[in-house]
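Residue numbers (our numbering), protein chains in the order written: chain A, -7 to 209; chain B, 5 to 268. Just so you know, even glycine gets a beta-carbon here, dropped at the ideal spot from N, CA and C. One structure is given here, and the rest of the page talks about it.
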């Protein structure tokens, strides 16, 4: 099979549009992962051992099962419980939920890095738990772990092709359809690879910048 | 505070505390009248810091009773029944107490002014302008009026500790706890912090509990000195008695060892 430049150029605009869907899914998924992960990390520190333990094992469970299974679960099984979601929404939820178990670990490391004396000072100043979290602990716990969170953003971006399994029209799914129409897979799939490479390279550079930024503090 | 106040501002009765296998406090009794300047001395591990941490509710007790101004810290009354203190009750108890730590524990992500105004604004609801005015007064009191915009990382240990004192004072506590506040400082910075404590002892009617290894300082500003060892009070007397003619052999031994260490 010989590379066909004309065909490649012809499909490129549609692939770039599909890249938009991929990026959207990544950003929305990451937003969910960032918020949920923080919720898990904070709940795990509750003095109530029952809640903390339940959260711990639930997070462990989600992290230890494949993302693809979770995507299928949310898309095919939740409708039986009366919750029907579009492929895009189901996919984004699955990505966000799955990656929240990783971001939870990252946050945990950041939170544990805050000295115990900070909690004690906040208590001695009669700041309640919410105030302590919001104004004392999190502003110190999060900045050092932003680069690690950025790495998960890139990892999630590279996991979005799994959404093709439930027919989200992201990059891989779009390329697959193009291939099945023309029986030429070489150009679409190569371009998919190159587009992923380009975005990942830019994002990695960004993360490295963040690393040097926060290392210098 | 009326002179015939029937109860001391701090009362510990049979307080015990254990960390794992170590009994830190053994049925400790201690009463502190309002306004008293009290120094707690003793070897490390004697439980003196634990007393402060219990009063600040940083540690729970295993037995006994702690009262602040006649109110139980760890229990409350609900419909005539004695129940464990809830969050609101502990919040109310902490309003009366402030604490300064050995390692300062300033908030490193806030400048000096915000370190002092943070809790008044967000925990007490003081308007920002008022909180900042008070903070400037307090920073002036501790000799740091020109450092309001500095970051903790730019300050010396002595300056950090003085900010920490201002921060605790901003909550207007009736009781101030000082937990070895000069132990982490370079020797040349100890004086500036002790000067602030001296001023507080002379010019305020707050109750001060000072855990210290600075015996000369304890002798100078304390009205009463409590010598603790192995979780109990060994001797409780005026500084003159403790430092000149201690009744207990253990007190003599401890002070003798401290003195000879200082002479080395």
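Compute the beta-carbon to beta-carbon distance between residue i and residue j, rounded to the nearest angstrom, for a pair I have assumed lies under 8 Å.
{"i": "residue 105 of chain B", "j": "residue 109 of chain A", "result": "6 Å"}
{"i": "residue 49 of chain B", "j": "residue 20 of chain B", "result": "Actually they do not touch by this definition, with Cβ atoms about 15 Å apart."}
{"i": "residue 161 of chain A", "j": "residue 13 of chain A", "result": "6 Å"}
{"i": "residue 148 of chain B", "j": "residue 182 of chain B", "result": "Wrong, their Cβ atoms sit about 18 Å apart, outside the cutoff."}
{"i": "residue 11 of chain A", "j": "residue 163 of chain A", "result": "5 Å"}
{"i": "residue 89 of chain A", "j": "residue 137 of chain A", "result": "Contact doesn't hold; Cβ gap of about 20 Å is too wide."}
{"i": "residue 86 of chain A", "j": "residue 146 of chain A", "result": "Going by Cβ atoms, the distance from residue 86 of chain A to residue 146 of chain A rounds to 18 Å, so no, they are not a contact pair."}
{"i": "residue 14 of chain B", "j": "residue 28 of chain B", "result": "Not really, about 18 Å apart at Cβ, beyond 8 Å."}
{"i": "residue 187 of chain A", "j": "residue 142 of chain A", "result": "That belief does not hold up - the Cβ atoms of residue 187 of chain A and residue 142 of chain A are roughly 20 Å apart, past 8 Å."}
{"i": "residue 140 of chain A", "j": "residue 172 of chain B", "result": "With a Cβ gap of about 35 Å, residue 140 of chain A and residue 172 of chain B do not count as contacting."}
With a threshold of 7 Å on Cβ separation, who are the neighbours of residue i within its own chain once the five nearest residues in sequence on each side are excluded?
{"i": "residue 270 of chain B", "result": "Outside the shown range of chain B, which is 5 to 268, sits residue 270 of chain B, and nothing can be said about it."}
{"i": "residue 252 of chain B", "result": "238 and 239"}
{"i": "residue 106 of chain A", "result": "129, 132 and 133"}
Is the beta carbon of residue j closer than 8 Å to that of residue i?
{"i": "residue 164 of chain B", "j": "residue 201 of chain B", "result": "no"}
{"i": "residue 87 of chain B", "j": "residue 80 of chain B", "result": "yes"}
{"i": "residue 52 of chain B", "j": "residue 245 of chain B", "result": "no"}
{"i": "residue 146 of chain B", "j": "residue 125 of chain B", "result": "no"}
{"i": "residue 78 of chain B", "j": "residue 64 of chain B", "result": "yes"}
{"i": "residue 174 of chain B", "j": "residue 127 of chain B", "result": "no"}
{"i": "residue 35 of chain A", "j": "residue 167 of chain A", "result": "no"}
{"i": "residue 103 of chain A", "j": "residue 37 of chain A", "result": "yes"}
{"i": "residue 72 of chain B", "j": "residue 103 of chain B", "result": "no"}
{"i": "residue 206 of chain B", "j": "residue 100 of chain B", "result": "no"}
{"i": "residue 218 of chain A", "j": "residue 63 of chain A", "result": "What is shown of chain A runs -7 to 209, which leaves residue 218 of chain A out entirely."}
{"i": "residue 18 of chain A", "j": "residue 51 of chain A", "result": "no"}
{"i": "residue 32 of chain A", "j": "residue 114 of chain A", "result": "no"}
{"i": "residue 40 of chain A", "j": "residue 95 of chain B", "result": "no"}
{"i": "residue 17 of chain B", "j": "residue 235 of chain B", "result": "no"}
{"i": "residue 211 of chain B", "j": "residue 38 of chain B", "result": "yes"}
{"i": "residue 180 of chain A", "j": "residue 3 of chain A", "result": "yes"}
{"i": "residue 29 of chain A", "j": "residue 99 of chain A", "result": "yes"}
Starting from the C-beta of residue i, find all residues in its chain whose C-beta is less than 6 Å away, skip the five residues before and the five after it, and write them out in chain order.
{"i": "residue 20 of chain A", "result": "84"}
{"i": "residue 230 of chain B", "result": "44, 237 and 240"}
{"i": "residue -7 of chain A", "result": "178"}
Grab me the residues of residue i's own chain with a C-beta within less than 8 Å of its C-beta, minus the 5 sequence neighbours each way, in chain order.
{"i": "residue 161 of chain B", "result": "108, 188, 189, 190 and 193"}
{"i": "residue 227 of chain B", "result": "40, 41, 42, 242 and 243"}
{"i": "residue 112 of chain B", "result": "155, 156 and 157"}
{"i": "residue 267 of chain B", "result": "With a pLDDT of only 48 at residue 267 of chain B, under the threshold of 50, the placement of this residue in the model should not be trusted, and no figure is reported."}
{"i": "residue 159 of chain A", "result": "79 and 165"}
{"i": "residue 167 of chain B", "result": "108, 110, 116, 119, 120, 143, 146, 148, 151, 156 and 159"}
{"i": "residue 15 of chain A", "result": "149 and 191"}
{"i": "residue 198 of chain B", "result": "186, 218 and 221"}
{"i": "residue 215 of chain A", "result": "The structure shown does not extend to residue 215 of chain A, since chain A is modelled only from -7 through 209, so no value can be given for it."}
{"i": "residue 198 of chain A", "result": "142"}
Let me check you understand the geometry: is the CB of residue i closer than 7 Å to at least one non-hydrogen atom of the ligand MG?
{"i": "residue 24 of chain A", "result": "Looking for the ligand MG in the displayed structure turns up nothing, as the structure carries no ligands at all."}
Residues of the stretch 111 to 126 of chain B with Cβ closer than 8 Å to any Cβ of chain A, in chain order: Cβ contacts with chain A: 111, 112, 113, 122, 123 and 126.
Residues, ordered as in the chain, of the stretch 48 to 61 of chain B that lie near chain A by beta-carbon distance below 9 Å: Flagged, chain order: 57, 60 and 61.
Entirely enclosed alpha helix (DSSP H) segments - the stretch 128 to 196 of chain B, minimum 4 residues: Listed in chain order, they are 132 to 145 and 161 to 173.
Length-filtered (3 minimum) beta strand (DSSP E) runs lying within the stretch 34 to 98 of chain B: Listed in chain order, the complete beta strand (DSSP E) runs (minimum 3 residues) inside the stretch 34 to 98 of chain B are 41 to 45, 67 to 72, 79 to 82 and 85 to 88.
Secondary structure, alpha helix (DSSP H): runs of 4+ residues fully inside the stretch 122 to 180 of chain A: Taken in chain order, the unbroken stretches of alpha helix (DSSP H) that lie wholly in the stretch 122 to 180 of chain A and span 4 residues or more are 130 to 133, 138 to 151 and 163 to 174.
Proximal residues, the stretch 171 to 201 of chain B versus chain A, C-beta separation under 8 Å: Answer in chain order: 171, 172 and 175.
Near-chain A residues of the stretch 88 to 99 of chain B - C-beta to any C-beta below 8 Å: Residues passing the 8 Å Cβ filter: 91, 95, 98 and 99.
Near-chain B residues of the stretch 88 to 109 of chain A - C-beta to any C-beta below 7 Å: So the list reads 109, given in the order they occur along the chain.
Interface positions of the stretch 27 to 45 of chain A facing chain B (Cβ-Cβ less than 8 Å), listed along the chain: So nothing in the stretch comes that close.
Contact residues within the stretch 124 to 136 of chain A, judged by C-beta distance below 8 Å to chain D: The chain inventory of the structure shown lacks chain D, comprising the protein chains A and B.
Contact set between the stretch 20 to 45 of chain B and chain A, restricted to residues whose Cβ is under 8 Å from the partner: Of all residues in the stretch 20 to 45 of chain B, none is placed with a Cβ closer than 8 Å to any Cβ belonging to chain A.
Within 7 Å of chain A by C-beta, residues of the stretch 201 to 218 of chain B in sequence order: Taking 7 Å as the cut-off between beta carbons, none of the residues of the stretch 201 to 218 of chain B comes near chain A.
Residues of the stretch 135 to 162 of chain A whose Cβ lies closer than 7 Å to any Cβ of chain B, in chain order: Against chain B - using a Cβ distance shorter than 7 Å - the stretch 135 to 162 of chain A contributes no residues.
Start-end ranges of the alpha helix (DSSP H) lying completely within the stretch 15 to 80 of chain A, minimum 4 residues: Counting whole runs of 4 or more residues, the stretch 15 to 80 of chain A contains the alpha helix (DSSP H) stretches 41 to 55 and 59 to 64.
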